[in-house]
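All remarks here apply to the structure that follows.
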Amino acid sequence: MRSDIIVVGGGASGLMAAIGAADALSRMENGGTVTVLEKMPKVGRKVMLTGKGRCNLTNVKAWDEWKEHVATDSQFLSPSFHNFTPENLLALMKENGLRCVVEHGDRAFPESHMAGDVVDTLLRTCTLAGVKVVTGCEVKSVSVTPRGFSLDCVVTTVKKFETVIEPEKYSCGKLIIATGGLSYPGTGSTGDGMKWASETGHTVTPLFPSLTAIVPKGYKDLGKNPLTEDIREAFRGRTAYGKKVERKPLPLPSHYPSFGKHIERITPLSPLGEMLCGNNLDNVAISLFINGDLVKSEFGDLEFTDGGLEGAIGFRVSRKAVIALENGQKVSVSIDMKPAVELEKLDVDVHEKWQQVITDPRSKGQPFQKLFRIMLGKLIPWNITGAFLKMNPRVSVDTLASYLKDWRFDIEGFVGFERAVITAGGVSTKEVSAKTMESRKVPGMYFAGEVLDMDCDTGGYNLQAAFSTGMLAGQSAAASL
1 MRSDIIVVGG
11 GASGLMAAIG
21 AADALSRMEN
31 GGTVTVLEKM
41 PKVGRKVMLT
51 GKGRCNLTNV
61 KAWDEWKEHV
71 ATDSQFLSPS
81 FHNFTPENLL
91 ALMKENGLRC
101 VVEHGDRAFP
111 ESHMAGDVVD
121 TLLRTCTLAG
131 VKVVTGCEVK
141 SVSVTPRGFS
151 LDCVVTTVKK
161 FETVIEPEKY
171 SCGKLIIATG
181 GLSYPGTGST
191 GDGMKWASET
201 GHTVTPLFPS
211 LTAIVPKGYK
221 DLGKNPLTED
231 IREAFRGRTA
241 YGKKVERKPL
251 PLPSHYPSFG
261 KHIERITPLS
271 PLGEMLCGNN
281 LDNVAISLFI
291 NGDLVKSEFG
301 DLEFTDGGLE
311 GAIGFRVSRK
321 AVIALENGQK
331 VSVSIDMKPA
341 VELEKLDVDV
351 HEKWQQVITD
361 PRSKGQPFQK
371 LFRIMLGKLI
381 PWNITGAFLK
391 MNPRVSVDTL
401 ASYLKDWRFD
411 IEGFVGFERA
421 VITAGGVSTK
431 EVSAKTMESR
441 KVPGMYFAGE
451 VLDMDCDTGG
461 YNLQAAFSTG
471 MLAGQSAAAS
481 L
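Per our numbering: the sequence shown = residues 1 to 481.
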């Protein structure tokens with residue numbers, strides 16, 4: 001099976017690369033063929049998970065502000081971003097029947113708030129452009145040939161209720177690797193493209209989870225860590241909503257890097273974790289400290305989940321936290337529950353509310369601890385007051401304002417690739433042309449999306465980076481035929 005251009009990976013960057021290539025070829029006199037090879041039964045499995053199923057597909061900030069949310073070399077991303085901007089993406093979606101809306105923080109979502117609609121639109125656009133999409137086709141090896149590239153594949157199909165696995169060979173003149181990273185391996189992201197890149201002489205920078213849950217000390221019952229063999233098979237766990245479910249660890253491929261501070265997400269919660277889990281804090285601030293030094297601060301929404309600290313601002317400090325933890329450094333975070341109120345003003349407010357509580361006739365004869373918690377519930381969400389008091393047993397009326405402005409958590413680990421949103425690290429961008437996405441090592445080989453050493457903040461930035469690099473890779477591959 002030969003195609004002029006083959007895209008390996010049917011995710012965000014791969015589908016957009018196919019769209020870009022097919023559109024460019026349609027404008028050329030001789031045209032050409034584009035094929036997408038996806039090893040999962042359906043394309044876009046990871047896209048389906050983004051934005052909690054709503055798919056925050058881009059962020060419409062201007063480049064000068066947008067680039068500040070790129071954790072790696074923003075200059076590498078600049079040519080592809082300007083070639084295919086967030087506005088271009090939204091226009092493409094609209095042209096193909098999907099209306100989008102822009103919400104708080106310049107984040108864009110499909111109007112339906114259904115990630116499946118984004119995947120359907122990308123797939124339909126590919127199909128209408130003449131792209132051949134082959135699912136259930138796992139590429140096992142990639143070889144460079146005089147005519148381009150040869151791919152050894154295994155194709156899984158269901159015939160007459162029987163699963164049939166057959167070998168297949170594909171070849172092409174131009175190859176686009178858009179296989180994603182290592183995060184969420186259940187969606188098919190198992191690092192295949194990085195392996196092929198390494199085998200063809202490319203440098204793959206160290207890989208680690210980013211935009212992941214960071215785990216406070218005492219949040220998990222590490223004595224029941226499912227990484228130990230005695231309980232790896234199954235155990236009772238809790239979801240973020242407190243519902244009991246049977247859960248099993250997801251086996252990771254043998255080539256995944258190991259981390260000393262990795263705490264598997266399904267490790268049972270401790271009593272403190274049970275108290276915190278399921279609480280969401282809106283409009284708070286978080287500060288990350290490494291060896292006692294402030295290194296990053298963020299404002300926004302924070303979530304306590306069955307993994308640990310997540311939400312927009314939890315994710316945004318996780319990258320630096322993971323690196324520091326693996327380097328053996330002391331990591332802690334401080335939550336400011338009242339970032340919009342100065343300490344002095346908050347202290348006055350605390351004392352006023354305390355007076356209201358103790359002078360209330362219903363408070364007569366009630367113990368101090370009960371009255372103090374009632375007063376605390378007037379300042380922070382009631383469901384989190386128990387955990388706050390458990391972690392700060394010496395707090396008093398006179399010191400409460402300080403504790404609310406500086407609720408400290410020591411961090412002892414992080415959730416790994418099994419549930420990290422993004423893989424940091426990847427194919428070195430120094431070995432890839434920013435203007436074409438073509439390899440500087442292997443002519444005719446292109447890279448796009450998360451397989452590259454390129455990651456951004458949460459908020460639509462990573463998907464836009466995938467779409468932009470995918471579009472440029474597809475257009476460039478077509479132009480070079």
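By construction, the Cβ of each residue, glycine as well, lies at the ideal position given by its N, Cα and C atoms. As the structure is a prediction and not an experimental result, all values here were calculated from the model.
Task: Beta-carbon proximity of T203 to S439, cut-off 8 Å - done: Residue 203 sits at position 203 when you count from the first residue of the sequence shown. Residue 439 sits at position 439 when you count from the first residue of the sequence shown. For T203 and S439, no; Cβs fall outside 8 Å.
Open item on the list: Does the structure place the stretch 461-479 close enough to the stretch 11-28 that three or more beta carbon pairs sit under 8 Å?
Closed with: Touching, yes.
Task: Through-space distance from H104 to E38, alpha-carbon basis - done: The residue given as residue 38 occupies position 38 in the sequence shown. The residue given as residue 104 occupies position 104 in the sequence shown. Distance from the CA atom of E38 to the CA atom of H104, rounded to whole angstroms, is 34 Å.
Task: Residues of its chain near F235, where Cβ-Cβ distance is below 6 Å and the 5 sequence neighbours each way are ignored - done: The sequence position of residue 235 within the sequence shown is 235, counting from 1. Annotation note: pLDDT 30 at F235 (below 50); position unreliable, coordinate value reported separately. If we look at F235 and ignore the five residues flanking it on each side, it has no Cβ neighbours.
TODO: Check the DSSP bridge columns for V34 and list the partner residues they point to.
DONE: The residue given as residue 34 occupies position 34 in the sequence shown. V34 is bridged to I5.
- [ ] Measure the CB-CB distance between S80 and L452 and report whether it falls below 8 Å.
- [x] By one-based count along the sequence shown, residue 80 stands at place 80. By one-based count along the sequence shown, residue 452 stands at place 452. At the C-beta level, S80 and L452 stay beyond 8 Å of one another.
Task: Per-residue burial, D230 [other beta carbons within 10 Å of its own, 16 or more giving buried] - done: For the purposes of this step, residue 230 is identified with residue 230 of the sequence shown, where counting begins at 1. The predicted model places D230 with a pLDDT of 36, which falls under 50 and marks its position as unreliable; any figure quoted below should be read in that light. Residue environment analysis places D230 among the exposed positions, since fewer than 16 neighbouring C-beta atoms fall within 10 angstroms of its C-beta.
Task: Three or more C-beta pairs below 8 Å linking the stretch 294-309 and the stretch 349-365 - done: They do not touch, by the three-pair rule.
Task: Reduced DSSP secondary structure (H/G/I, E/B, other) of I177 - done: Position 177 of the sequence shown, counting from 1, holds the residue named residue 177. In this structure, I177 counts as strand in the three-state DSSP scheme.
Open item on the list: Quick check on DSSP: helix, strand or coil for L309?
Closed with: As a working note, residue 309 is residue 309 in the sequence shown. DSSP places L309 within a strand segment (E or B) once states are collapsed to three.
Open item on the list: If I measure Cβ to Cβ from D457 and keep anything under 6 Å in the same chain, skipping five residues before and after, which residues do I get?
Closed with: Within the sequence shown, residue 457 is the residue found at index 457, counting from 1. Cβ contact annotation for D457 (same chain, cutoff 6 Å, sequence separation greater than five): H69 and R316, in chain order.
Open item on the list: Do F208 and A465 have their beta-carbon atoms positioned less than 8 Å apart in this structure?
Closed with: In the sequence shown, counting from the first residue as 1, residue 465 sits at position 465. In the sequence shown, counting from the first residue as 1, residue 208 sits at position 208. In this structure, A465 lies away from F208, with their beta-carbon atoms at least 8 Å apart.
Open item on the list: If I measure Cβ to Cβ from D301 and keep anything under 6 Å in the same chain, skipping five residues before and after, which residues do I get?
Closed with: Within the sequence shown, residue 301 is the residue found at index 301, counting from 1. So the list reads D282, G311 and A312, once near-sequence residues are dropped.
- [ ] Specify the secondary structure class of G53 as computed by DSSP and reduced to three states.
- [x] The residue labelled residue 53 in the question sits at position 53 within the sequence shown. Three-state DSSP puts G53 in a helix.
TODO: Report the residue from T58, S183, T72 and S74 whose alpha carbon sits nearest the alpha carbon of T85.
DONE: By one-based count along the sequence shown, residue 85 stands at place 85. For T85, the nearest C-alpha among the options comes from T58.
Task: Cβ contact (3+ pairs, closer than 8 Å) linking the stretch 7-22 and the stretch 441-450 - done: These segments touch.
Task: C-alpha gap between M40 and R373, whole angstroms - done: Residue 40 sits at position 40 when you count from the first residue of the sequence shown. Residue 373 sits at position 373 when you count from the first residue of the sequence shown. Going from the Cα of M40 to the Cα of R373 covers about 51 Å.
- [ ] Output yes or no for whether 8 Å exceeds the beta carbon distance between G193 and T205.
- [x] By one-based count along the sequence shown, residue 193 stands at place 193. By one-based count along the sequence shown, residue 205 stands at place 205. Between G193 and T205, the CB-CB gap reaches or exceeds 8 Å.
Task: Among A22, V47 and T359, nearest to G10 - alpha-carbon criterion - done: Indexing the sequence shown from 1 puts residue 10 at position 10. Sorting A22, V47 and T359 by C-alpha distance to the C-alpha of G10 places V47 at the top.
- [ ] With F84 as the anchor, note down where its beta strand (DSSP E) starts and where it stops.
- [x] Counting from 1 along the sequence shown, the entry for residue 84 is found at position 84. F84 -> no beta strand (DSSP E), and no H or E assigned at all.
Task: Per-residue DSSP class, three states only, for N59 - done: Position 59 of the sequence shown holds residue 59. If DSSP states are grouped into helix, strand and coil, N59 belongs with the strands.
Open item on the list: Assuming the contact rule is C-beta atoms closer than 8 Å, Y219 and L276 should be a hit. Round their C-beta distance to whole Å, please.
Closed with: Start at 1 with the first residue of the sequence shown, and residue 219 comes out as number 219. Start at 1 with the first residue of the sequence shown, and residue 276 comes out as number 276. Contact holds; Cβ gap of about 7 Å.
Open item on the list: Between the alpha carbons of G173 and M114, how many angstroms are there, rounded?
Closed with: Here residue 173 corresponds to residue number 173 of the sequence shown, with the count starting at 1. Here residue 114 corresponds to residue number 114 of the sequence shown, with the count starting at 1. When the Cα atoms are used, G173 and M114 turn out to be separated by approximately 36 Å.
Task: Inter-residue Cα distance where the pair is G459 and R319 - done: Counted from its first residue, the sequence shown places residue 459 at position 459. Counted from its first residue, the sequence shown places residue 319 at position 319. If you take the alpha carbons of G459 and R319, they lie about 15 Å apart.
Open item on the list: Just to confirm my understanding: we take L325, look at its own chain, exclude 5 residues before and 5 after, and list those with CB closer than 6 Å. What are they?
Closed with: Your numbering for residue 325 matches position 325 in the sequence shown. The beta carbon of L325 lies closer than 6 Å to those of K261 and V331 in the same chain, with the five residues before and after it left out.
Open item on the list: Tell me the residue span of the alpha helix (DSSP H) that contains G386.
Closed with: The count along the sequence shown starts at 1 and reaches residue 386 at position 386. Counting along the chain, the alpha helix (DSSP H) containing G386 begins and ends at T385 to M391.
Task: DSSP-derived helix/strand/coil call for C153 - done: Position 153 of the sequence shown, counted from the first residue, corresponds to residue 153. Strand at C153.
Open item on the list: At the level of alpha carbons, what is the spacing between F467 and C137?
Closed with: As a working mapping, residue 467 is identified with position 467 in the sequence shown. As a working mapping, residue 137 is identified with position 137 in the sequence shown. Going by C-alpha positions, F467 is about 22 Å away from C137.
Task: Beta-carbon spacing of L175, G148 below 8 Å - done: By one-based count along the sequence shown, residue 175 stands at place 175. By one-based count along the sequence shown, residue 148 stands at place 148. Yes, the Cβ-Cβ distance between L175 and G148 is below 8 Å.
Task: Buried or exposed by the 16-neighbour rule on C-beta atoms within 10 Å, applied to G97 - done: Position 97 of the sequence shown, counted from the start, is the residue given in the question as residue 97. Residue burial annotation: G97 is exposed, with fewer than 16 other C-beta atoms found within 10 angstroms of its C-beta.
Open item on the list: Tell me the residue span of the alpha helix (DSSP H) that contains S26.
Closed with: Within the sequence shown, residue 26 is the residue found at index 26, counting from 1. A12 to S26 is the extent of the alpha helix (DSSP H) around S26.
TODO: Closer than 6 Å by C-beta to S143: which residues in its own chain qualify, once you throw out the five before and the five after it? Chain order, please.
DONE: Your numbering for residue 143 matches position 143 in the sequence shown. Cβ-Cβ distances below 6 Å link S143 to S150 in the same chain, with the five nearest sequence neighbours on each side left out; the list follows chain order.
Task: Where the beta strand (DSSP E) through I411 begins and ends - done: Position 411 of the sequence shown, counting from 1, holds the residue named residue 411. Secondary structure note for I411: its beta strand (DSSP E) is the uninterrupted segment W407 to F414.
Open item on the list: Taking the straight line between their C-alpha atoms, what separation do you get for A240 and V36?
Closed with: To locate residue 240, count along the sequence shown from 1; it is residue 240. To locate residue 36, count along the sequence shown from 1; it is residue 36. Only weak support is given to the placement of A240: the predicted model assigns it a pLDDT of 33, under 50, and the question is left unresolved by the model.
Task: Candidates A24, I411, G53 and K160, of which the one nearest V215 by Cα - done: The residue given as residue 215 occupies position 215 in the sequence shown. Out of A24, I411, G53 and K160, I411 has the C-alpha closest to the C-alpha of V215.
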